[in-house]
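The numbering of the sequence shown is this note's numbering, which starts it at 108 and goes up by one.
Built from N, CA and C at the ideal position, the CB exists for glycine as well.
Note that the structure is a prediction, hence the values are computed from the model and not measured.
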Amino acid sequence: MKQALAAAALTLLVSAGFLLWIAEDMAPRAEFVAHVEPPQAAETDYLRAAYSPLHFRPAIETAEDAQCLACHREVLEDRVRAASPSGLKTETLRAWYQETPTYAGEQDTFHRRHLVTPLAKRLMNLRCNTCHQGHDPREEAQGAAADSARQDDAGFTLRKQVNPETTCLKCHGQFPWQLMGLPGPWEAHKAAFGDNCLNCHAAIRTKRHEVTYLNAAEIEQAGKEGADACYGCHGGRSWYRIGYPYPRTPWPDMPAEVPEWAKNRPTQSEARFLGGVAQGTRP
108 MKQALAAAAL
118 TLLVSAGFLL
128 WIAEDMAPRA
138 EFVAHVEPPQ
148 AAETDYLRAA
158 YSPLHFRPAI
168 ETAEDAQCLA
178 CHREVLEDRV
188 RAASPSGLKT
198 ETLRAWYQET
208 PTYAGEQDTF
218 HRRHLVTPLA
228 KRLMNLRCNT
238 CHQGHDPREE
248 AQGAAADSAR
258 QDDAGFTLRK
268 QVNPETTCLK
278 CHGQFPWQLM
288 GLPGPWEAHK
298 AAFGDNCLNC
308 HAAIRTKRHE
318 VTYLNAAEIE
328 QAGKEGADAC
338 YGCHGGRSWY
348 RIGYPYPRTP
358 WPDMPAEVPE
368 WAKNRPTQSE
378 ARFLGGVAQG
388 TRP
């Protein structure tokens, strides 16, 4: 009797298990969904942006203006104030550069005068990395050297690295009249030369302005229209007490004798401004 009950119980358990297996197999199954990481918020950390490879060599050497302006758009969008803090209205005043014959229009900001004003577009082809050549962390960044301050301040700002001796001085140096054999400064003696630089430079140092950041053909045309276009960058808007040591690029019928002041001058412009074009060929 006990054996019969045990057999019946076993049969019942097996049947129940089979029915449960059939029911589970026939039930709808949920589809497998792979795990996906949630999207990360845009990085807003200042130090991460400050140490972007674009701010250092070699990346900055091939950076496009659009890459720079993605974060620094304000250099083109900002405008001068409508009035000074003391209440003087801009429209009633004239900046020093507005007094030059070559400038036309209202007052404008520093970067705009070098990039987007009519004169800048005509004579120049400046780009962001023409002047901004990147940071040198060994000299600028806190904590980059054993004897420098620790970088604990998240608001630390790298300086905007520009070497004025190789950038600003090119167009804002003094007029070296002593080296040019003139009797004195151009302003005092320009009438004796017909107020025309090309009276001499039609035959002297005729290989000039052949660099990627200048529009050589337009500069030559502007020089024919008036000496102020030449003098503006060669002493007329000087910020420094010295002149820029321009390369002494060979020109046709150049004298074999090299003046004392020119003996240490380079014979071509910086390689980064030649743009792969042979010296003597306008880009």
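Membership of P359 in any alpha helix (DSSP H) is not indicated, and neither H nor E is assigned to it by DSSP. Fully contained in the segment 188-251 are the following alpha helix (DSSP H) runs of length 4 or more, in chain order: 217-222, 225-230, 235-238 and 244-247. DSSP places C307 inside the alpha helix (DSSP H), whose first and last residues are L305 to H308.
Measuring C-alpha to C-alpha distances from C275 to each of K297, H179 and R348 identifies R348 as the nearest. In this structure the segment 297-311 touches the segment 328-335; the number of beta carbon pairs closer than 8 Å is three or more.
For L321, the three-state secondary structure derived from DSSP is strand.
A distance below 7 Å between beta-carbons, with the five flanking residues on each side excluded, links A369 to the following residues of its chain, in chain order: R355.
In the DSSP annotation of this structure, the continuous segment of the alpha helix (DSSP H) that includes Q174 starts and ends at D172 to H179. Counting only the Cα atoms, A177 lies some 16 Å from D152. Relative to the Cα of V269, the nearest Cα in the group P373, E181 and I167 belongs to I167. Contact check for R164 against G288 fails: the beta carbons are separated by 8 Å or more. Membership of C275 in the alpha helix (DSSP H) is indicated by the continuous run C275 to H279.
CA-CA distance, Q214 to A363, rounds to 47 Å.
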